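Sequences listed follow chains A and B, in order. Every position in the first sequence, counted from 1, becomes a number in our numbering once 6 is added. Every position in the second sequence, counted from 1, becomes a number in our numbering once 6 is added. The structure under discussion appears below in the form of structure tokens.
Number of protein chains: 2
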Amino acid sequence: MARNKYPEETHQLILDVSTKLFFEKGYDQTSLQDIIDRLGGLTKGAIYHHFRSKEEILIAVVERLSEENNREMAEVRDDPSLTGKEKLEKMFSRSLTNPKQKEMFAVTPNLLENPKLLVYYLKMIAYTVVPDYIVPVIRQGAADGSINTPYPEELADAIMLLTDVWVNPIIYPMTDSQMTNRILLVNELLKPMGIELIKQDMIDFMNECRRAQAGNSGSEQKKNS
Amino acid sequence: MARNKYPEETHQLILDVSTKLFFEKGYDQTSLQDIIDRLGGLTKGAIYHHFRSKEEILIAVVERLSEENNREMAEVRDDPSLTGKEKLEKMFSRSLTNPKQKEMFAVTPNLLENPKLLVYYLKMIAYTVVPDYIVPVIRQGAADGSINTPYPEELADAIMLLTDVWVNPIIYPMTDSQMTNRILLVNELLKPMGIELIKQDMIDFMNECRRAQAGNSGSEQKKNS
DNA sequence: AACCCAAATACATACCGTTGGTATGTAAAA
DNA sequence: TTTTACATACCAACGGTATGTATTTGGGTT
């Protein structure tokens, strides 16, 4: 096998393999040899033909992962039938129920053990997601009266930090009841601005779950210390 | 020089040198040889006698740095003359004006370029600072009526994330006006719980600064993209 | 208190496998 | 014929280990 007629396939293969390894083992713990071993006969030459460094692979991995997400965000952002507030709430509920996230959660130990990947995720949020998708929506909300804040840019940033980072079991390991509490707290924090990330029926449902688990979740928190 | 009669001096020297390098160059970009070169004649043997790995040096560096901070936090936490709310506000104003942080800010490029160090900082907050110092204070505030929340543990965590991470120029590079806005926003978010991180006179002062800079800070944000 | 000696300490030196990265070669495609 | 898509061979630097060696320490003896 000297040369592939469709090099894009090789490019994607490298990204596929790297994505899996970076999430399963962590970026630092994944060596180029690990990647090569799963490339089915290809060698280091192939990798360095398609990418300039190991870190460039990571960048490409994160970008490819976020592309689909960004498309969905753009779709909501550009929907002319929704207010700013409604768009924000839709974005949140979508990210909560994102099947790809759940899928990843199954294989990823915890991004706190994967510092480089975590940081690229944080950068993606701070430098792309927030300015391109969240800020416009908050601005619209401020304009159409559905969101009330004198700091739209900062609010956008804070919301993403709270909802996409803090309330994210892939980053911070936590029990279901802890996650429920975090969501309810974020919901309360944002209420004065007119934002309701979760609807009342969802809150009722979560509270029911909490009550049901109340018996055995009491001493759960001490496990972490 | 075969052996030091006071090995603790060597131990501290290694930590001193490593701290400086880890912050200036970043953990990944600092090699053991870089450390050795600044040890004044000591060799790799000395390092591996005092520490089991490069990562253990980092852990020791972070722990030593946070020890002083933790003592100060404990002092406030155990002050019997303050309400929970007052303790929280005191902790925040102390961390804002911390001279050591300012000193570090001068030499540290930005913790987003220093993933391992950033993550250890985040872990320190999540697993030590929050449970040991913030949660007790919030709980006291909930008990003495000065803080109003049904989720004391989660609120403690969220507050630390917002105040010690999000509003931290060492982690997120930002202009003075951006930082001012973030602080004002956090202040507003926490107001419904009875917490006022900054007093009205401080807000007035900041707003004055904002008005003074209003002319040249308009297009500042586009620089990041 | 002085002495002795074995064990532990505080390093130095030499060495090792792996790692990310490069330089060069080569066959197929354009 | 040039460019592309790799393979092969090679490299310095890295974190880490194994071993060697003075020096100090601590406990027993005198």
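Just so it is clear, CB atoms sit at the ideal spot from N, CA and C, and this is done for glycine as well. Computed from a predicted structure; not experimentally measured.
Comparing alpha-carbon positions, the option among A:ILE42, A:LEU118, A:GLU73 lying closest to ILE131 of chain A turns out to be A:GLU73.
The C-beta of ASP170 of chain B has 16 or more other C-beta atoms within 10 Å across all chains shown, which makes the residue buried. The beta carbon of ASN10 of chain A does not come within 9 Å of any beta carbon belonging to chain B, so the residue lies off that interface. Sequence-distant Cβ neighbours of VAL113 of chain B in its own chain, meaning closer than 7 Å and more than five residues away, are PHE29, GLU30. Setting aside the 5 residues that flank it on each side, ARG70 of chain A is surrounded in the same chain by LEU21, each with a C-beta closer than 7 Å to its C-beta; the list follows chain order. Residue range 182-196 is occupied by the alpha helix (DSSP H) that includes MET185 of chain A. Annotation: LYS31 of chain A is outside any alpha helix (DSSP H) and is labelled neither H nor E by DSSP.
Residues of chain A whose Cβ lies closer than 8 Å to the Cβ of LYS60 of chain B do not exist, since the nearest Cβ in that chain is about 12 Å away.
Collapsing the DSSP output to three states places PHE111 of chain A in a helix. Taking a Cβ-Cβ cut-off of 7 Å, VAL68 of chain A has no neighbours in chain B, whose nearest Cβ is about 13 Å from it. In this chain, the alpha helix (DSSP H) harbouring LYS50 of chain A covers 50-56. If you compare the alpha carbons of B:THR134, B:VAL23, B:THR155, B:LYS129 with that of ARG77 of chain B, the shortest gap goes to B:THR134. Rounded to whole angstroms, the Cβ separation of ARG83 of chain B and VAL143 of chain B is 6 Å, and the two are in contact under 8 Å. PRO158 of chain A: member of the alpha helix (DSSP H) spanning 158-166, first to last residue. Neighbours of TYR157 of chain B in chain A, taken as residues at a C-beta separation under 9 Å, are given in chain order as ASN187, ARG188, LEU190, LEU191, GLU194.
Between GLY147 of chain B and LYS91 of chain B, the gap from beta carbon to beta carbon is short of 9 Å.
The closest CA to that of SER101 of chain B, considering only B:GLN35, B:PRO115, B:MET166, is found on B:MET166.
Put simply, of A:ASN193, A:ILE189, A:MET185, A:GLU81 the residue whose alpha carbon is nearest the alpha carbon of ILE140 of chain A is A:GLU81.
One alpha carbon belongs to THR25 of chain B, the other to GLN39 of chain B, and they sit about 15 Å apart. Using a Cβ distance threshold of 9 Å, LEU19 of chain B and LEU48 of chain B count as a contacting pair. A straight-line Cα-Cα distance of about 37 Å links ILE63 of chain B and ALA162 of chain A.
Just measuring C-alpha positions, the residue of B:MET199, B:VAL125, B:ASN174 sitting nearest ASN104 of chain B is B:ASN174. Looking at A:TYR12, A:LYS50, A:LEU118, A:ALA52, the one whose alpha-carbon comes closest to that of ASP34 of chain A is A:LEU118. Among the CB atoms of chain B, one or more fall inside 9 Å of the CB of LEU124 of chain A. Contact between the region 196-207 of chain A and the region 200-209 of chain B is absent: fewer than three C-beta pairs spanning the two stretches fall below 8 Å. Following the DSSP letters along the chain, one finds ASN76 of chain B inside the alpha helix (DSSP H) bounded by residues 60-83. Of all residues in the region 160-176 of chain A, those with a C-beta nearer than 9 Å to a C-beta of chain B are GLU160, LEU161, ASP163, ALA164, LEU167, LEU168, VAL171, TRP172, reading in chain order.
In the three-state reduction of the DSSP assignment, LYS11 of chain B falls in the coil class, being assigned neither a helical nor a strand state. Within chain A, the residues whose beta carbon sits less than 7 Å from that of LYS129 of chain B are LEU118, listed in sequence order. In the same chain as LEU195 of chain B, and ignoring 5 residues on each side of it, the C-beta atoms closer than 8 Å to its own belong to LEU168, in chain order. Looking from the CA of ASN120 of chain B, the closest CA among B:GLN206, B:TYR12, B:THR36, B:ASP85 belongs to B:THR36. Using a Cβ-Cβ cut-off of 9 Å, ALA149 of chain B does not count as an interface residue toward chain A, since no Cβ of chain A sits closer than that to its own. Of the candidates B:TRP172, B:ALA52, B:PRO158, B:TRP172 places its Cα closest to the Cα of TYR127 of chain B. Shown here, THR103 of chain B sits in coil according to DSSP, grouped into three states, outside any helix or strand.
About 7 Å separates the beta carbon of TYR157 of chain A from that of LEU190 of chain B, a gap short enough to meet the 8 Å contact definition.
Collapsing the DSSP output to three states places THR25 of chain A in a helix.
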